[in-house]
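> FYI, numbering that gives the first Met the number 0 numbers position 253 of the sequence shown as 252, with every residue one higher than the one before it. All C-beta atoms, glycine included, are put in the ideal place defined by N, C-alpha and C. Please read these numbers as outputs of a predicted model, since none were measured by experiment. One structure, pasted below without further comment.
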Amino acid sequence: MTARPAAASTAASVLAVDLGKTSCRVRLTQGGRMLGEATAHGAPGLAEADGAQLSFRAIAEAVGRLEQPLPTGTAVGIGAAGSEAAPAAARRLIELVRERFDGPVAIINDALAAHAGAFEGAPGTMLIAGTGAVVFAVDGSGAVAQVDGWGPWLGDEGSGQWLGRHGLVAALRAHDGRGPRTALLADATALTGALASLPHWVSESGTPARQLGTFAPAVIDRAAEGDAVAVEILERAAAHLADTCAAAGLPTVCVAGGLASHPFFAARVRAALDAHGLRETAPKGDPLAGAALIALERSLPYEERITRG
């Protein structure tokens, strides 16, 4: 087994950044003591148009909400979606952050930041189930494997957008008489007031996957109430996520992401993991802890996937 990395200097000040599409969270620590946290609006992602500039604005806004300025030379660790898909944008974001805050910067993709926080750099499987779904597994030799995370149209099976999309499809099938009755039909109708408007509703925001994901809570709630159609969708989603974890080949799984915050769904995922002989474990830290770790630690097994500047 790979030993847990030695702790970095406790005297250093670190700004950890969890840069998501919905929100940007920052945490400032120094000498192992937390100085403050703040949250601002998120950014579309580094791989999107103007991704670096929009990401920097989100970080700067969040930092501006801290109650104290950053100490000189503060190291910055950022977990951000798209950092590997758009390496040029990641490097540009580093330039922008260094120009403003004058300290070393490290960027890793948001999923590996969550893994680093959950396992403190040690081996294990990290399932992140939110709007999308992806598994990152780090084995005892330090090898990193990604399973799924192929996006809403090619993968992300069992994710929030998957749940929402299948819930809406089930509602429309019930409306047409092509499928069984379900309370999801009323929920789908309530989104726009008329089912004929649903296709436009999905696309009008410009982010259809995220839009579809907003219907996932309705599917989970209806399943918890015993709606047979919603229960079947939920069980399929949990099975997909467990299959993804099993493909990683490691026995210990940490589950994170927005879907994990729903107790009913989390219980179904846990049961599906048990069916594969996998054990769920609680995270030791959050994505911000992972971002702080990559800011100072250079012997992590996925160092080659960190962009530094």
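Could you work out which residue in 245, 53, 70, 44 is closest to residue 11 when comparing CA atoms only?
Ranking 245, 53, 70, 44 by Cα distance to residue 11 puts 70 first.
> For a minimum of 4 consecutive residues, which ranges assigned as the alpha helix (DSSP H) are wholly contained in the stretch 31 to 85?
Runs found: 50 to 63.
> Checking 8 angstroms against the spacing of the C-beta atoms, do residue 252 and residue 124 come in under that value?
In this structure, residue 124 lies closer than 8 angstroms to residue 252 by Cβ.
> Flag residue 37 as yes if its beta-carbon sits less than 8 angstroms from any beta-carbon of chain D, otherwise no.
Going by chain labels, chain D is absent from the structure shown, which holds only one protein chain.
> Using 8 angstroms as the cut-off, can you tell me whether the stretch 153 to 173 makes contact with the stretch 205 to 213, which would need three or more C-beta pairs spanning the two stretches below that distance?
Contact between the stretch 153 to 173 and the stretch 205 to 213 is present, because at least three Cβ pairs lie under 8 angstroms.
> Can you give me the C-alpha to C-alpha distance between residue 308 and residue 250, rounded to a whole angstrom?
Spanning the two alpha carbons is a distance of roughly 35 angstroms.
> What are the start and end residues of each continuous beta strand (DSSP E) run of 3 or more residues lying completely inside the stretch 245 to 278, in chain order?
251 to 255, all fully within the stretch 245 to 278.
> With a 10 Å radius around its C-beta and 16 neighbouring C-beta atoms as the bar for buried, classify residue 45 as buried or exposed.
Buried is the call here.
> Kindly indicate the opening and closing residues of the beta strand (DSSP E) around residue 172.
Here residue 172 belongs to no beta strand (DSSP E); instead the alpha helix (DSSP H) covers 159 to 175.
> Given this structure, state the Cα-to-Cα distance separating residue 114 from residue 135, to the nearest angstrom.
Taking the straight line joining both Cα atoms gives about 7 angstroms.
> Let me know if residue 298 comes out buried or exposed under the rule of 16 or more other beta-carbons within 10 Å of its beta-carbon.
Looking at its Cβ environment, which holds fewer than 16 other Cβ atoms inside 10 Å, residue 298 is exposed.
> Just to confirm the assignment, what range does the alpha helix (DSSP H) spanning residue 188 have?
Element bounds for residue 188: 183 to 191.
> Could you work out which residue in 181, 75, 54 is closest to residue 294 when comparing CA atoms only?
Cα-wise, what sits closest to residue 294 is 75.
> On the premise that residue 18 lies in contact with residue 57, defined as a C-beta separation below 8 angstroms, what is that separation, rounded to the nearest angstrom?
About 6 angstroms separates the two Cβ atoms, so the contact holds.
> In its own chain, which residues sit with a C-beta less than 6 angstroms from the C-beta of residue 105, not counting the 5 before and 5 after it?
76, 293, 294, 305, 307, listed in sequence order.
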